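To keep things clear, I will list the structure first and then write my remarks on it.
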Amino acid sequence: MSTKARLKRKSFFVDELALRRARRVLRAKSDAEVIRLSVDRIAEMEAFWQFMTKSRRSLTPGSIETP
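In terms of the working numbering, the sequence shown opens at residue 350 and continues consecutively.
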């Protein structure tokens, strides 16, 4: 998660129901934490999907072992 040194104050409108649902799923203690975690996870998923797109044809079936 982001460190305090990199935090910047923002003001915006958020759907209260979506915020409560995300807070429950992420087990966050505050609304601010929910927003920070959500933004971090979106960025992580985008990086993951970019990797998946780039490696789509380079990985052969069965080359990744599962436990």
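From the three backbone atoms N, C-alpha and C, an ideal C-beta is built for every residue, glycine too. Source: prediction; values computed, not measured.
- Taking the CA atoms as reference points, Arg406 sits about 24 Å from Ile391.
- Here the C-alpha atom of Pro410 lies approximately 42 Å from the C-alpha atom of Asp364.
- In the three-state reduction of the DSSP assignment, Lys403 falls in the helix class.
- With respect to the 8 Å criterion, Asp380 and Leu368 are classified as neighbours on the basis of their beta carbons.
- Nearest C-alpha to Val388 among Arg372, Leu408, Met401 and Pro416: Arg372.
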